[in-house]
Amino acid sequence: MTDYNIHVWRQAATDKPGYMERHRVTEISDDMSFLEMLDVLNESLQVAGKEPIAFDHDCREGICGACSLVINGQAHGPETTTTCQLHMRSIQGTDIYIEPWRAAAFPVLKDCVVDRRSFDRIIQAGGFVSVNTGNAPDANANAIVKEDAETAFDSAACIGCGACVAACKNASAMLFVSAKVSHLAHLPQGNSERKERVTSMIETMDEEGFGSCTNYGECEAACPKSISTENIGVLNREFVRAKVGSTT
Amino acid sequence: MKLDANIPNGPIKDLWSIHKKSLKLVNPANKRKFKVIIVGAGLAGASAAATLGEMGYQVECFCFQDSPRRAHSIAAQGGINAAKNYPGDGDSIHRLFYDTVKGGDFRSREANVHRLAEVSNEIIDHCVAQGVPFARDYGGLLANRSFGGAQVSRTFYARGQTGQQLLIGAYQALSRQIAAGTVTMHTRTEMLDVVTQDNIARGIVTRNLVNGQIESHSGDAVVLGTGGYANVFYLSTNAVGCNVTAAYRAFKKGAGFANPCYTQIHPTCIPVSGDHQSKLTLMSESLRNDGRVWVPKTADDKRAAGEIPEDERDYYLERKYPSFGNLAPRDIASRSAKEVCDEGRGVGATGLGVYLDFRDAIARLGKDAISARYGNLFDMYQRITAENPYEVPMRIYPAPHYTMGGLWVDYNLMSTIEGLFVIGEANFSDHGANRLGASALMQGLADGYFVLPQTLSNYFGQMGATPTRVEVNADCFIDSEKNCNEHVQRLLNIDGSRTPDSFHRELGRIMWEHCGMTRTAEGLTEAIRKIPELREEFWDSVKVAGSSQTLNMALEKAGRVADFLEFGELMCRDALARGESAGGHFRAEHQTSEGEALRNDQDFCHSAVWEHVGDNEIPTRHQEELSFEAVELATRSYK
Ligand SMILES: Cc1cc2nc3c(=O)[nH]c(=O)nc-3n(C[C@H](O)[C@H](O)[C@H](O)COP(=O)(O)OP(=O)(O)OC[C@H]3O[C@@H](n4cnc5c(N)ncnc54)[C@H](O)[C@@H]3O)c2cc1C
Ligand code: FES
Numbered sequence: 000m001t002d003y004n005i006h007v008w009r010q011a012a013t014d015k016p017g018y019m020e021r022h023r024v025t026e027i028s029d030d031m032s033f034l035e036m037l038d039v040l041n042e043s044l045q046v047a048g049k050e051p052i053a054f055d056h057d058c059r060e061g062i063c064g065a066c067s068l069v070i071n072g073q074a075h076g077p078e079t080t081t082t083c084q085l086h087m088r089s090i091q092g093t094d095i096y097i098e099p100w101r102a103a104a105f106p107v108l109k110d111c112v113v114d115r116r117s118f119d120r121i122i123q124a125g126g127f128v129s130v131n132t133g134n135a136p137d138a139n140a141n142a143i144v145k146e147d148a149e150t151a152f153d154s155a156a157c158i159g160c161g162a163c164v165a166a167c168k169n170a171s172a173m174l175f176v177s178a179k180v181s182h183l184a185h186l187p188q189g190n191s192e193r194k195e196r197v198t199s200m201i202e203t204m205d206e207e208g209f210g211s212c213t214n215y216g217e218c219e220a221a222c223p224k225s226i227s228t229e230n231i232g233v234l235n236r237e238f239v240r241a242k243v244g245s246t247t
Numbered sequence: 000m001k002l003d004a005n006i007p008n009g010p011i012k013d014l015w016s017i018h019k020k021s022l023k024l025v026n027p028a029n030k031r032k033f034k035v036i037i038v039g040a041g042l043a044g045a046s047a048a049a050t051l052g053e054m055g056y057q058v059e060c061f062c063f064q065d066s067p068r069r070a071h072s073i074a075a076q077g078g079i080n081a082a083k084n085y086p087g088d089g090d091s092i093h094r095l096f097y098d099t100v101k102g103g104d105f106r107s108r109e110a111n112v113h114r115l116a117e118v119s120n121e122i123i124d125h126c127v128a129q130g131v132p133f134a135r136d137y138g139g140l141l142a143n144r145s146f147g148g149a150q151v152s153r154t155f156y157a158r159g160q161t162g163q164q165l166l167i168g169a170y171q172a173l174s175r176q177i178a179a180g181t182v183t184m185h186t187r188t189e190m191l192d193v194v195t196q197d198n199i200a201r202g203i204v205t206r207n208l209v210n211g212q213i214e215s216h217s218g219d220a221v222v223l224g225t226g227g228y229a230n231v232f233y234l235s236t237n238a239v240g241c242n243v244t245a246a247y248r249a250f251k252k253g254a255g256f257a258n259p260c261y262t263q264i265h266p267t268c269i270p271v272s273g274d275h276q277s278k279l280t281l282m283s284e285s286l287r288n289d290g291r292v293w294v295p296k297t298a299d300d301k302r303a304a305g306e307i308p309e310d311e312r313d314y315y316l317e318r319k320y321p322s323f324g325n326l327a328p329r330d331i332a333s334r335s336a337k338e339v340c341d342e343g344r345g346v347g348a349t350g351l352g353v354y355l356d357f358r359d360a361i362a363r364l365g366k367d368a369i370s371a372r373y374g375n376l377f378d379m380y381q382r383i384t385a386e387n388p389y390e391v392p393m394r395i396y397p398a399p400h401y402t403m404g405g406l407w408v409d410y411n412l413m414s415t416i417e418g419l420f421v422i423g424e425a426n427f428s429d430h431g432a433n434r435l436g437a438s439a440l441m442q443g444l445a446d447g448y449f450v451l452p453q454t455l456s457n458y459f460g461q462m463g464a465t466p467t468r469v470e471v472n473a474d475c476f477i478d479s480e481k482n483c484n485e486h487v488q489r490l491l492n493i494d495g496s497r498t499p500d501s502f503h504r505e506l507g508r509i510m511w512e513h514c515g516m517t518r519t520a521e522g523l524t525e526a527i528r529k530i531p532e533l534r535e536e537f538w539d540s541v542k543v544a545g546s547s548q549t550l551n552m553a554l555e556k557a558g559r560v561a562d563f564l565e566f567g568e569l570m571c572r573d574a575l576a577r578g579e580s581a582g583g584h585f586r587a588e589h590q591t592s593e594g595e596a597l598r599n600d601q602d603f604c605h606s607a608v609w610e611h612v613g614d615n616e617i618p619t620r621h622q623e624e625l626s627f628e629a630v631e632l633a634t635r636s637y638k
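As structure tokens, this is what we get:
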């Protein structure tokens with residue numbers, strides 16, 4: 000059992016100023032998840048008539064991508080995992096600093112909750128295959144080389160949490176965008192739209208106010224799903240190919 | 000309450016084609032005049048929204064998360080069934096249909112299940128076309144595995160993340176329609192009420208979770224794809240936000256609620272570690288393909304697993320169910336685990352756990368092969384428990400996982416409220432008293448991509464060229480908004496001393512104890528007494544901090560707990576009224592001498608459908624009789 004000093008970002012709304020607030024939590028077991036520790040804190044705040052700290056979370060299994068805290072300066076904290084899969088046994092020291100993702104394209108809505116709809120708009124710009132329900136050929140009509148399917152999967156494993164943006168000094172969304180481009184670029188289904196896809200997704204990314212990629216690599220280090228920066232290489236190649244005008 | 004299932008006439012294998020041919024169509028030019036409200040953007044909601052958008056309807060889609068990509072469907076691990084018979088092991092539409100009816104312990108509607116099996120193949124075709132990266136073999140063709148008690152390999156999977164990949168496919172299709180302008184997406188928006196007029200669904204009232212605005216949305220049909228209610232138990236494998244609010248409020252507006260007591264307790268979850276526990280984590284059932292379940296033969300054996308010699312271990316599933324062994328269906332595997340723990344043979348600090356052991360599989364296939372199959376699950380287990388499952392057996396225990404009950408729908412997926420359709424886990428239709436593994440994803444996508452778009456078009460087709468929409472300034476909307484506002488204010492004004500979570504936890508304990516894996520008349524009666532008391536205390540002493548005008552997660556939680564506190568009682572009433580054991584519903588009074596579930600087809604071969612008749616009044620129980628023509632009503636045996 001350990002006691003902690005919690006320093007947490009409070010902000011009433013997007014247009015209100017934010018500040019760090021200090022709380023103490025006691026008798027926290029090592030087996031608790033990080034969010035369960037925050038649950039304990041929130042229970043005590045509510046009983047005292049104070050508003051609980053707002054943070055996004057849902058599956059608590061590391062797959063939905065909702066949870067999103069910067070813990071002691073690191074997106075999702077010290078382990079290569081999501082905030083919800085972090086356990087107190089991994090936390091060093093007894094002072095914990097908790098902040099929201101910080102990026103112009105992710106405005107704070109309240110406390111540690113940010114608006115990540117910019118990611119959705121990037122997908123809407125082309126992160127899909129244009130096939131209507133009911134028009135598909137038999138699923139085994141085209142074999143896909145196992146290796147390609149696996150590579151596509153590695154990219155498709157992105158959970159859209161935004162840790163890559165939060166970790167990047169420039170708040171760039173390159174890893175997120177490249178993961179989707181690369182997922183679809185490795186499959187024949189994604190082929191016919193690959194030019195428009197990459198151009199349009201990059202355009203939207205820029206419009207949304209994400210920064211540019213200067214190859215720090217912090218995104219990959221923070222990614223709970225180990226999405227590789229090799230995807231960014233794929234994206235760059237796709238982009239050049241689109242500009243040059245070849246479709247193969 | 001009228002319960003006409005509207006099943007077309009004809010031989011079962013042709014029903015869906017006959018029905019499709021008879022459905023009214025909407026002229027393409029008129030389609031954009033019709034507006035559909037879809038609540039939910041999980042597999043069911045997102046696939047429906049995308050498809051209806053592609054067809055040219057105006058769609059308004061709602062979810063409470065910040066993005067449709069985060070719906071709870073994302074967490075499904077194991078896979079999705081289809082009757083493709085790619086492995087050539089004798090599968091067919093008929094066999095999938097048969098297995099699903101039998102798996103559901105003969106408490107589902109044959110016609111619906113057959114249709115499900117039929118469209119299962121189209122789902123796989125469509126998902127592959129979307130770029131869903133299903134597992135493939137070295138020849139590049141799709142791989143299948145056997146899953147959850149099936150004797151054929153019909154489960155398609157994407158590593159341990161099938162739900163994620165399917166949902167991303169549906170999300171991308173939805174995103175395409177949002178970009179095309181056919182679908183308007185409302186995220187961080189919670190439905191609080193279905194608006195009806197003369198028992199016709201006219202729209203919904205929602206709360207914007209960011210600024211607290213209560214708003215009306217009118218449409219020509221309302222679709223609920225709002226998921227299941229396993230969180231009535233507080234601890235479950237569901238995402239913590241899953242709730243019954245949408246379905247329950249529809250029930251209060253006149254939608255019949257069918258078989259609320261049919262819940263599925265999943266056998267392979269990580270056991271509870273302490274009071275702080277906020278959710279339970281599922282370990283995919285696929286692990287049972289290679290892991291062997293056992294406990295010590297004698298009670299109170301506190302030795303470490305490795306120190307217990309082979310002849311002092313009880314591989315109880317293999318012993319009791321020689322032909323299915325570790326792959327026995329979920330309800331049977333869960334109950335058996337509870338039994339051995341009740342006998343004092345449970346393992347781990349709490350004694351509420353059994354071993355799932357990979358020692359033999361690792362010896363036979365090698366660590367690498369096991370790691371290739373289950374690596375991510377093993378990692379997850381180790382992260383949560385700090386134990387290495389390659390070296391010591393996993394500990395597992397059953398946990399609430401899925402709810403077969405839901406809003407009653409007819410063959411067209413329409414509820415007892417005209418124009419209110421229900422899809423995915425939120426409806427009751429296809430799984431009877433027990434759902435087989437890998438069939439919820441199949442059902443959600445069948446409903447959303449292939450069934451609802453057809454039957455909803457038919458509903459519109461019957462309206463003629465122009466819909467008769469009611470605008471949001473009509474009395475029915477104004478009244479509903481007023482009620483929703485009052486409900487929110489009431490929660491905030493109590494200003495008591497207990498948090499919404501503390502009530503939820505207490506309700507969960509009552510439900511788990513009395514309406515969990517084993518139920519008795521006595522226990523259920525006790526729960527029916529306790530829950531109203533707890534509810535009263537809630538409305539007396541809940542504390543909801545903050546205001547209604549901002550993002551207030553305590554307020555959201557309080558509203559959901561308030562509904563669970565009413566719904567839990569309905570579940571217990573249903574469990575009490577069903578004087579038989581069937582599938583996941585096990586009544587201790589109704590078992591064979593060997594402790595197996597004992598169905599009573601004479602009196603209970605029906606779906607129970609509950610009708611709300613007023614606040615604080617006991618709802619009325621109706622019955623939809625079930626008949627089995629294509630599959631012979633038989634005792635389920637997995638011996
Ligand atoms: C851990 C886990 C693993 C599973 N694995 C498998 C598997 O391998 N194979 C299988 O077949 N099945 C599996 N299942 C079951 C399956 O995942 C679910 O039954 C299915 O995904 C439910 O889909 P759905 O679209 O009906 O609901 P959900 O995905 O739960 O979506 C519900 C939607 O409704 C919205 N919503 C709810 N209430 C409101 C409201 N009041 N207002 C606005 N929006 C609302 C939510 O925001 C969400 O978008 C698993 C389930 C769990 C818990
Ligand atoms: S809560 Fe879903 S990934 Fe953390």
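Chains A and B, in that order, are what the protein sequence lines are. Take the first sequence: its letters are residues 0 to 247, numbered as in numbering that gives the first Met the number 0. Take the second sequence: its letters are residues 0 to 638, numbered as in numbering that gives the first Met the number 0. Note that beta-carbon positions come from the ideal geometry of N, C-alpha and C, so glycine has one too.
Nearest-angstrom beta carbon gap, residue 58/A and residue 238/B [assumed within contact, 8 Å]: 4 Å
Beta-ladder partner(s) of residue 657/B, from DSSP: An answer regarding residue 657/B cannot be provided, because it is not within the stretch 0 to 638 covered by chain B.
Host beta strand (DSSP E) of residue 4/A (start-end): 1–10
Beta-carbon proximity list for residue 545/B, same chain, < 7 Å, skipping 5 on both sides: 551, 553, 554
Alpha helix (DSSP H) segment containing residue 503/B, residue limits: Segment 499–514, the alpha helix (DSSP H) holding residue 503/B.
Opening and closing residue of the beta strand (DSSP E) in which residue 223/B lies: 220–223
N-terminal and C-terminal residue of the alpha helix (DSSP H) that residue 558/B is part of: 552–576
Beta-carbon gap between residue 168/B and residue 131/B smaller than 8 Å: yes
Under 7 Å by beta carbon: chain B residues contacting residue 129/A: 175
Expected contact under 8 Å - CB spacing of residue 121/A and residue 13/A to nearest Å: For a cut-off of 8 Å, the C-beta gap from residue 121/A to residue 13/A is around 20 Å, too long to register as a contact.
Closest residue to residue 290/B among 369/B, 262/B, 532/B, 219/B (Cα-Cα distance): 369/B
Interface partners of residue 39/A on chain B, CB under 8 Å: 275
Closest by C-alpha distance to residue 348/B, when choosing among 323/B, 318/B, 359/B, 384/B: 384/B
8 Å Cβ cutoff met for residue 113/A and residue 171/A: no
The segment 69–84 of chain B / the segment 115–123 of chain B touching (three or more Cβ pairs under 8 Å): yes
Check: residue 594/B C-beta below 7 Å from any heavy atom of ligand 1: no
Extent of the continuous beta strand (DSSP E) run through residue 60/B: Per DSSP, residue 60/B belongs to the beta strand (DSSP E) from 57–61.
Inter-residue Cα distance where the pair is residue 60/A and residue 84/A: 6 Å
Residue 621/B: CB within 7 Å of a non-hydrogen atom of ligand 1: no
Below-8 Å beta-carbon distance, residue 45/A vs any chain E residue: Among the protein chains in the structure shown, which are A and B, there is no chain E.
Heavy atom of ligand 2 within 7 Å of residue 221/A beta-carbon: no
Proximal chain B residues relative to residue 58/A, where beta-carbon distance stays under 9 Å: 69, 71, 73, 74, 237, 238, 239, 240, 278
Residue 149/A versus residue 125/A - alpha carbon distance: 22 Å
Where the segment 81–93 of chain A meets chain B: residues whose CB sits under 8 Å from a CB there: Against chain B - using a Cβ distance shorter than 8 Å - the residues of the segment 81–93 of chain A are 84, 86, 88.
Residue 382/B: CB within 7 Å of a non-hydrogen atom of ligand 2: The answer is no for residue 382/B.
Residue range of the alpha helix (DSSP H) that includes residue 620/B: Taken as a continuous stretch (DSSP letters only), residue 620/B belongs to no alpha helix (DSSP H), being part of the beta strand (DSSP E) at 619–624.
DSSP bridge partner residues for residue 644/B (one or two, in chain order): This structure leaves residue 644/B out entirely; chain B is present only between 0 and 638.
Close beta carbons around residue 241/B, own chain, < 6 Å, minus the five adjacent residues each side: 71, 226, 230
Backbone CA spacing between residue 612/B and residue 40/A [nearest angstrom]: 41 Å
DSSP state of residue 176/B mapped onto helix, strand, coil: Note: residue 176/B maps to helix in three-state DSSP.
Any non-hydrogen atom of ligand 2 within 7 Å of residue 65/A CB: Checking every heavy atom of ligand 2 against the Cβ of residue 65/A, one is found closer than 7 Å.
Residue 34/B in three-state terms, based on DSSP: strand
7 Å Cβ cut-off: residues of chain A touching residue 209/B: 108
Cβ pair count under 8 Å reaching 3, the segment 249–261 of chain B against the segment 606–624 of chain B: yes
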